[in-house]
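Visitor:
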Amino acid sequence: MLGGAMNALAGGGTFATMPTLIALGLPSPIANATSNVALQPGAMASAWTYRAGLEPMSGLSVRLLTGITFAGGVAGSLLLVATPTRVFDIVIPWLLLLATIALAFGKRGAAALSGRISIGPKTLIGAQALLGIYGGYFGGGVGLMMTATWGLLSGAEPHKLAAPRTLMLATANAAAAIIFIVTGMVKWLLCLPMLAGAIAGGYLGAQLGRILSPAVIRIWTLLVTAITTAVFFWRAYS
């Protein structure tokens, strides 16, 4: 429920679901895959809600960007399947730190750079492929990474990027979910109750979002992500 609520409010639901699954005894790659599948219905619902706002970006069609993201998601998820648990345990704190930085500074960084730098469609294609790979491999904070990257490369205003961001996030997650299910990386005994909780949390989070101030939501999200990142650094290197 917490993960679904966080995704509905500001993103970062992975910071709640994956550590919980690890605490329940799952190896970290299995926990990451199970978390991805558990949060997928919420991502798809968000993408459907925002569908009316989809439009081309820097001359690139939504269909092309979706295809690139799906291919990247497949590649990233296959990379996770091939990653030994111990290697992932060492890598994951740095991925969490990257996601935390994106949550904390992504929007401001994009706003500061977009007025000074403009890069063409070819670079946007390459960047989207990398974002898709990251989304399939881990995905924490990838929504804000997309907002920051697109703002820099296409000059689009952040408030106009909600629709493509939610679609690309759902696409990368869907590609990864397919691979994780086919390769048997999903622990269904824990995934199914978490999936139900994420749906309920997504609904409740949307209701909370109507009454809570943006500052409270931001502080809570950053607090959870920072503490989780610190715990995973201690776990990997202590």
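Letter by letter, the sequence shown follows residues -16 to 221 of this note's numbering.
Note that the Cβ used here is the ideal one computed from N, Cα and C, for glycine as well.
1) Residue -2 and residue 208: beta carbons closer than 8 Å?
2) Can you tell me whether residue 1 is helix, strand or coil according to DSSP?
3) Name the DSSP bridge partner or partners of residue 40?
4) Is it right to say residue 21 is buried, meaning 16 or more other beta carbons lie within 10 angstroms of its own, or is it exposed?
5) Considering only the beta carbon of each residue, do residue 126 and residue -9 sit closer than 8 Å?
6) Going along the chain, which unbroken runs of the alpha helix (DSSP H) with 4 or more residues stay wholly within the region 145 to 195?
7) For residue 221 and residue 84, I'd like the C-alpha separation in whole angstroms.
8) Here's the rule: buried if 16 or more other CB atoms are within 10 angstroms of the residue's CB, otherwise exposed. What is residue 31?
9) Taking the Cβ atom as the reference point for each residue, do residue 0 and residue 29 lie within a distance shorter than 8 Å?
10) Can you confirm whether the region 181 to 201 touches the region 32 to 51 when touching is taken to mean that 3 or more C-beta pairs between the two stretches lie within less than 8 Å?
11) Starting from residue 211, trace the alpha helix (DSSP H) both ways and give me its first and last residue.
12) DSSP three-state label for residue 66, please.
13) Rounded to whole angstroms, what's the CA-CA distance from residue 60 to residue 148? Just pull it up for me.
14) The alpha helix (DSSP H) spanning residue 115 covers which residue range?
15) Is residue 188 closer than 8 Å to residue 155 when the C-beta atoms are compared?
16) Starting from the Cα of residue 151, find the closest Cα among 118, 87, 173, 170 and give me that residue.
17) Compute the Euclidean distance between the alpha carbons of residue 204 and residue 88, then round it to the nearest angstrom.
18) Using C-beta distances below 7 Å, list every residue in its chain close to residue 7, excluding the 5 sequence neighbours before and after it, in chain order.
19) Given a threshold of 16 other Cβ atoms within 10 Å of its Cβ, counted over all protein chains shown, does residue 217 qualify as buried or as exposed?
Guide: Walking through what the data contain:
1) Numbered from its first residue, the sequence shown carries residue -2 at position 15. Numbered from its first residue, the sequence shown carries residue 208 at position 225. Cβ atoms of residue -2 and residue 208: closer than 8 Å.
2) Position 18 of the sequence shown, counted from the first residue, corresponds to residue 1. The answer is helix: DSSP assigns residue 1 an H, G or I state.
3) Walking along the sequence shown from the start, residue 40 turns up at place 57. DSSP, once it has assigned bridges, lists 43 as partnering residue 40.
4) Walking along the sequence shown from the start, residue 21 turns up at place 38. Label assigned to residue 21: buried.
5) On the sequence shown, residue 126 is found 143 positions in, with the first residue counted as 1. On the sequence shown, residue -9 is found 8 positions in, with the first residue counted as 1. The answer is no: Cβ separation not under 8 Å.
6) 145 to 165, 171 to 192
7) In the sequence shown, the residue the question calls residue 221 occupies position 238. In the sequence shown, the residue the question calls residue 84 occupies position 101. Going by the C-alpha atoms only, they are around 22 Å apart.
8) Reading the sequence shown from its first residue, position 48 is the one you call residue 31. By the neighbour-count rule (16 or more Cβ atoms within 10 Å), residue 31 is not buried but exposed.
9) Within the sequence shown, numbered from 1, the residue matching residue 0 stands at position 17. Within the sequence shown, numbered from 1, the residue matching residue 29 stands at position 46. Not closer than 8 Å, so no.
10) no
11) The residue labelled residue 211 in the question sits at position 228 within the sequence shown. Per DSSP, residue 211 belongs to the alpha helix (DSSP H) from 197 to 220.
12) The residue given as residue 66 occupies position 83 in the sequence shown. Coil, per DSSP.
13) By one-based count along the sequence shown, residue 60 stands at place 77. By one-based count along the sequence shown, residue 148 stands at place 165. So the alpha carbons of these two residues sit roughly 19 Å apart.
14) As a position in the sequence shown, residue 115 is number 132, starting the count at 1. Where residue 115 is concerned, the enclosing alpha helix (DSSP H) stretches over 104 to 120.
15) Looking up residue 155 in the sequence shown gives position 172. Looking up residue 188 in the sequence shown gives position 205. Not in contact: residue 155 and residue 188 (Cβ atoms no closer than 8 Å).
16) Taking the sequence shown and counting its residues from 1, the one referred to as residue 151 is at position 168. It is 118.
17) By 1-based counting over the sequence shown, the position of residue 204 is 221. By 1-based counting over the sequence shown, the position of residue 88 is 105. So the alpha carbons of these two residues sit roughly 13 Å apart.
18) Position 24 of the sequence shown, counted from the first residue, corresponds to residue 7. Once the five neighbours on either side are set aside, the close Cβ partners of residue 7 are 173.
19) Looking up residue 217 in the sequence shown gives position 234. Burial call: exposed.
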